[in-house]
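Q:
The following block contains the structure:
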């Protein structure tokens, strides 16, 4: 029958893609886990900032790649081998796995839509509270929260959460500032990471280069040549860009999974029918 041939072809092609993708994820994850020391060296050489503790992040990513790659590989194996040999049990198992994954994906999408506004509200509130109590300024590179937010200010050309006036409410940051051209000391109203610099890429590894490149060396005190827009909106815009890309990939994968699901059911249901027709011929 034409339908089972098309279903078989689609299943084979789709699951070859999934097998290759799963194997790549699995291979990269195992390589990162086994050869972690050299990867740490390469990454740290690139950042030249040993105060940033990245091994745990890379190790977590490695476990995710290994787990995700293994699951994809096993499911794709059931689909591929079941299609090649027309094994009904494998085809139904494959269809069940894909159905469960599709249900989880749809549930996640619904939750993301329902809780988007709630997340937006609480994320801004949490970030404001955390920075108000814990932000220490751009001088201490070992403080991960402060370092991350200062980097965001440089990267996204913003200042504060809502705007630059937020720093008047931050209670723990170092407001000392010495003007490099005159040596005059003053009280900073904003951190120097809010200031426009001709060397933005030098932060955080070369703070002096960043400071020397500032358009106004008294910017933290005078707020001249400084960014004033808040970082929350800039960060949210950045995340939305990647969210739309992720959404597009997710929809594409879901469509492929649905095609695989339908193909598996069609092939499984026509397998017995073809066997009966073959027996009648004899």
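Residue numbers (this note's numbering): 24 to 305. All C-beta atoms in this analysis are idealised placements derived from N, C-alpha and C, irrespective of residue type, glycine included. In this text, all values refer to a predicted model and were calculated from it rather than measured experimentally.
Near residue 109, what residues of its chain come up, given a Cβ to Cβ distance below 6 Å and the 5 sequence neighbours on each side ignored?
A: 294
Q: Between the region 113-130 and the region 139-157, do three or more beta carbon pairs fall short of 8 Å?
A: no
Q: Starting from the C-beta of residue 248, find all residues in its chain whose C-beta is less than 8 Å away, skip the five residues before and the five after it, and write them out in chain order.
A: Scanning its chain for C-beta atoms nearer than 8 Å, with the 5 sequence neighbours on each side dropped, one finds around residue 248 the residues 218, 219, 237, 238, 239, 242, in chain order.
Q: According to the Cβ coordinates, are residue 113 and residue 101 closer than 8 Å?
A: yes
Q: Identify every residue that forms a DSSP beta bridge with residue 155.
A: According to DSSP, which records beta bridges pairwise, residue 155 is partnered with nothing at all.
Q: How should residue 181 be labelled, buried or exposed, when 16 other C-beta atoms within 10 angstroms of its C-beta is the threshold for buried?
A: buried
Q: Should the region 168-185 be regarded as contacting the region 199-218, the criterion being three or more beta carbon pairs within less than 8 Å?
A: yes
Q: Reducing DSSP to helix, strand and coil, say where residue 30 ends up.
A: In the three-state DSSP reduction, residue 30 falls in the helix class (H, G or I).
Q: Where does residue 138 fall in DSSP's three states?
A: coil
Q: Quick one: Cα of residue 290 to Cα of residue 279, how far?
A: The alpha-carbon atoms of residue 290 and residue 279 are separated by roughly 16 Å.
Q: Assuming the contact rule is C-beta atoms closer than 8 Å, residue 49 and residue 89 should be a hit. Round their C-beta distance to whole Å, please.
A: 6 Å
Q: Rank 185, 223, 271 by C-alpha distance to the C-alpha of residue 144 and give the top, closest one.
A: 185
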